[in-house]
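Under the numbering used here, the first residue of the sequence shown carries the number 50, and numbering increases by one thereafter.
Here is the structure we will look at.
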Amino acid sequence: MMNRRPILDGHVDTLQPFYLSNRTRRSFFQKSDTGHIDLPRARSAGWGGGFFSIFVPAPTPSIMESTGGVKQDIRAPRGDFMKPIEFPYALEMAKAGMECLFALEDESEGGLKVVRKSVEIQSALEEDRIVAILHFEGAEAVDPGLDSLGGFYTKGLRSVGIVWSRPNDFGYGVDLRGQGSPDQGPGLTQAGKELVKACNRLGILIDLSHLNEKGFWDVEKISSAPLVATHSCAHGLSPSPRNLTDRQLDAIRGTEGVVGINFSVRFLRRDGETIPETPLSELVRHFTYVAERIGVDHIAIGSDFDGTTIPIEIGDVTGLPKLMEALQRSGFDQEDLAKISYKNWIRILSATWR
Ligand SMILES: [Zn+2]
Numbered sequence: 050m051m052n053r054r055p056i057l058d059g060h061v062d063t064l065q066p067f068y069l070s071n072r073t074r075r076s077f078f079q080k081s082d083t084g085h086i087d088l089p090r091a092r093s094a095g096w097g098g099g100f101f102s103i104f105v106p107a108p109t110p111s112i113m114e115s116t117g118g119v120k121q122d123i124r125a126p127r128g129d130f131m132k133p134i135e136f137p138y139a140l141e142m143a144k145a146g147m148e149c150l151f152a153l154e155d156e157s158e159g160g161l162k163v164v165r166k167s168v169e170i171q172s173a174l175e176e177d178r179i180v181a182i183l184h185f186e187g188a189e190a191v192d193p194g195l196d197s198l199g200g201f202y203t204k205g206l207r208s209v210g211i212v213w214s215r216p217n218d219f220g221y222g223v224d225l226r227g228q229g230s231p232d233q234g235p236g237l238t239q240a241g242k243e244l245v246k247a248c249n250r251l252g253i254l255i256d257l258s259h260l261n262e263k264g265f266w267d268v269e270k271i272s273s274a275p276l277v278a279t280h281s282c283a284h285g286l287s288p289s290p291r292n293l294t295d296r297q298l299d300a301i302r303g304t305e306g307v308v309g310i311n312f313s314v315r316f317l318r319r320d321g322e323t324i325p326e327t328p329l330s331e332l333v334r335h336f337t338y339v340a341e342r343i344g345v346d347h348i349a350i351g352s353d354f355d356g357t358t359i360p361i362e363i364g365d366v367t368g369l370p371k372l373m374e375a376l377q378r379s380g381f382d383q384e385d386l387a388k389i390s391y392k393n394w395i396r397i398l399s400a401t402w403r
């Protein structure tokens, strides 16, 4: 057994600067004071890795002008960032993201490992390697006939968010601006329902974060796997459409699933404002609320590091020990903290992967 308590994380956008050219480039292997995660800071914080998201930003005119087709500007024209995107472009971007992850793995000389089996997670953590779970945030790079899914699985894809906050061939995401109900738009398309079944067959985790409520209930009906939202918070505390209602939380418990709590201040605060000075206690409140509602076996971490504005009290990955201390002060015991930190994610992945 591990002599310390590593942290597995349900969602990080740390890969993005490495395949999106407009982002400030920094080395994953050198300690930086920008962004939230690099290898030295991860190690010093006991961050053991987690779901590395591959996200396809909306194409913009600057992408069309650029060479090679994979030089991107994540800021689409105002309002356009939630429009559907084309499959060939999404495929090219997702391939760039995957190549980027495998290049980091090679360059890390064992420091970072892309895991494909749940037993590999435990051993990688024991060997002090950072665990990387390949995750698509939105399934735009998968063709609606699902012919490409098996190939992605072979390469290492182990987690798929059916949608990001935009419609695609499979379903409808929630608008992440403003507040309101996650009950926006229709349920999964026929292709979306087939995607759920195919993920069940292959043993790919289906991520419900960003999916609208009708889509959520479709997955609940169809899927044979535990329900998982990798990076969401409690709608009862912060009424963002990105957060989970009490009924959704109950359904997650009903399938022995898990919620990774998101650190984004917009999803923590009742007013939904982007205020970095939001106190750490707001984040702790979501852990307490979800644990009281559905139990500590169904709660984990889904930081959204490198993808959002988080409380300055956390700052970056090195602020995680502060969160753990705050959780302990609010009544979680050592076993609870081990479940929240990594045991629940390992249990879910063992139950979901082949
Ligand atoms: Zn997200």
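Built from N, CA and C at the ideal position, the CB exists for glycine as well.
A quick note: this is a predicted structure, and the numbers were derived from the prediction, not measured.
Discussion item. Using only CA atoms, which one of L64, S273, G59, Q65 lies nearest to W96?
Written reply: G59
Item to complete: Starting from the N-terminal side, write out each stretch of the beta strand (DSSP E) that is 3 residues or longer and does not extend beyond the segment 302-383.
Response: 307-310, 348-350
Worksheet item: Excluding sequence positions up to five away, which residues of its chain have a Cβ less than 7 Å from the Cβ of G159?
Response: R178
Item to complete: Report all residues from its chain with a CB closer than 8 Å to the CB of E154; omit the five preceding and five following residues, and keep chain order.
Response: L161, K162, V163, A181
Worksheet item: Which residue's Cα is closest to the Cα of P108: R54, R90, F136?
Response: F136
Discussion item. Ligand 1 and S102: does the residue's C-beta get closer than 8 Å to at least one heavy atom of that ligand?
Written reply: yes
Worksheet item: Straight-line CA distance for Q377 to P370?
Response: 10 Å
Item to complete: Determine, using beta carbons only, whether H184 and R207 come nearer to each other than 9 Å.
Response: yes
Worksheet item: Who are the Cβ neighbours of T367 in its own chain at under 7 Å, not counting the five residues just before and after it?
Response: R90, S93, A94
Worksheet item: Since H184 sits in a beta bridge, which residues does DSSP pair it with?
Response: S102, S208
Worksheet item: If you pair each beta-carbon of the segment 377-388 with each one of the segment 228-236, do three or more pairs fall below 8 Å?
Response: no
Worksheet item: With respect to the beta strand (DSSP E) encompassing I255, which residues constitute its N-terminal and C-terminal limits?
Response: 254-256
Worksheet item: Ordered along the chain, which non-local residues of its own chain (more than five positions away) have a Cβ less than 6 Å from that of W266?
Response: none
Worksheet entry | Beta-carbon spacing of Q228, P290 below 9 Å | yes
Item to complete: Just confirm the distance between the C-beta atoms of I255 and E189, as a whole number of angstroms; I'd bet it's less than 8 Å.
Response: In fact, because the Cβ distance is near 15 Å, the residues do not count as touching under 8 Å.
Worksheet entry | Which residues DSSP lists as bridging W394, in chain order | Paired residue(s): none; W394 is not in a bridge.
Item to complete: Determine, using beta carbons only, whether I310 and V339 come nearer to each other than 9 Å.
Response: yes
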